[in-house]
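In terms of the numbering used here, the sequence shown opens at residue -4 and continues consecutively. Below: one structure, written as C-alpha cells.
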Amino acid sequence: MTVNKSNATIYACLPESSLTPIADEILYGWNVTVLEEFSRYVRVKTEYGYEGYMAKSDLSEDCEGDYTVVAGLCGVVPTAEYKYPEIMLLPRLARVKVLEKGEKWTRILLADGREAFVRTLHIAPWHGIFARRGFADSIKPDVDLRQRIVGIAQRYLGTQYRWGGKSSLGIDCSGLCFMAYYENGINIYRDAEPDTSYTKRIPLDRAKPGDLLYFPGHIAMVTEGLRFIHASSALSVVGFNSLSPEDENYSEYLEKNLITAATVFDD
C-alpha cells in the first residue's frame, strides 16, 4: 500500500483516542506492508523495518513514486500554472509517480488516480537504498559521502522539533539522522537507542562527520570535531551544540550524559 497523505502518522499502539502516542510518520508516496487490519486502522511495517498503526484512509493501492522531492516543500497543483490553489504540499523526500517530465513542469499521477503537476526543479529521480540495516558495516565512505550526509542534516536547520516527525514540517532527533542517511541511500534504524545490528561503538576521539552520538533518549550527528547537529526539544528546533567547553554552544548536560559515539561505516 502507498501513503496518500503528505505526511501520515504511524501510531505506537492501536488508536483509541486523540492522545494515542506517535511512533513515527511516513511521507507521501512511500510504501508499507499491511500486517493486520482493524475497522479504521491497519498495523503496518515500513520498508525501513518500523512497525505501527496507521489510518486506512491514509493509504491507497500501490503507486510507489519513481521521483523524490528535493525541495523543502513542493506544491502539487492541478494544472501547469502558478495561479491555482495547491492540491497539497509535499515535504522533502516524498515520492511522486512521473507521467511526463517537462522543462518547467512535470505531470504526475497521484495515489488517488488524479493527474497533477509539480515544478520540475523540485524533484529528482529516486535511486533507492543501496545499504540496508545489517549491511551498513561494509560501507567504506569517502569524505564526500560523510559531508553529503551532514549537508542533508543541515538543510533542516531551524525546523521545529516535533515528536515522531521526519519532514520539513517538523522533525525529531532520530528522524533527522534517519533522513540524512536515507537521502544518501543508507537505511539506519529510526530510533534514539544504540543498535549494534547496524552501528558499532567507537571512542569519541575517532568520531568523524556523519557519525552518531547517543545520549539517554536522544541522538545527534557529528559535524566537525566535538560539534554536532540535532533536533532538540531543549532548543525547540534543529540546531548545533558541542561537547567542548571551549565552544560557545557547549552543552554541559549532553557532555556529561554521552553514552557512546557510533558509526555505520567500516573505516
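Glycine included, each C-beta is placed from N, C-alpha and C at the ideal position.
Relative to the C-alpha of residue i, which candidate in the options has its C-alpha closest?
i	options	result
Arg141	Ile5, Asp261, Cys8 and Ser1	Asp261
Lys99	Leu88, Thr74, Ala106 and Glu110	Thr74
Gln259	Ser239, Leu249, Met216 and Ser227	Per the sequence shown, residue 259 should be read as Val rather than Gln. For Val259, the nearest C-alpha among the options comes from Met216.
Tyr45	Thr255, Leu30 and Leu54	Leu30
Glu59	Ala50, Lys78, Ser52 and Leu94	Leu94
Leu105	Gly153, Ser55, Tyr151 and Gly180	Ser55
Pro120	Gly24, Val233, Asn179 and Thr63	Thr63
Going by DSSP, name the residue or residues bridged to residue i.
i	result
Arg102	Glu95 and Phe112
Arg273	Shown here, the chain extends from -4 to 262; a query on residue 273 therefore has no answer.
Ala187	Partner(s): none; Ala187 has no beta bridge.
Gly47	Val39
Ala119	Thr63
Arg196	Ala257
Met(-4)	Answer by DSSP bridge pairing: none, since Met(-4) is not bridged.
Flag this pair as yes or no: are the beta carbons of residue i and residue j separated by less than 8 Å?
i	j	result
Ile3	Ile17	Checking the sequence shown, residue 3 turns out to be Ala, not Ile. No, these two residues do not count as a Cβ contact at 8 Å.
Ser163	Pro86	yes
Ile183	Ala257	no
Gly220	Val145	no
His122	Val65	no
Ser246	Arg222	no
Lys92	Ile82	no
Leu171	Ala226	yes
Consider the Cβ of residue i: report whether some Cβ of chain C lies at a distance smaller than 8 Å.
i	result
Gly212	Absence of chain C from the displayed structure is noted, only one protein chain being present.
Which stretch, first to last residue, makes up the beta strand (DSSP E) that contains residue i?
i	result
Ile5	Asn2 to Tyr6
Rounded to the nearest angstrom, how far is the Cβ of residue i from that of residue j, given a contact under 8 Å?
i	j	result
Ile224	Ala148	5 Å
Asn26	Met(-4)	7 Å
In terms of residues, what are the limits of the alpha helix (DSSP H) holding residue i?
i	result
Ala175	Cys168 to Tyr177
Glu250	Glu247 to Lys251
Ile144	Val138 to Gln149
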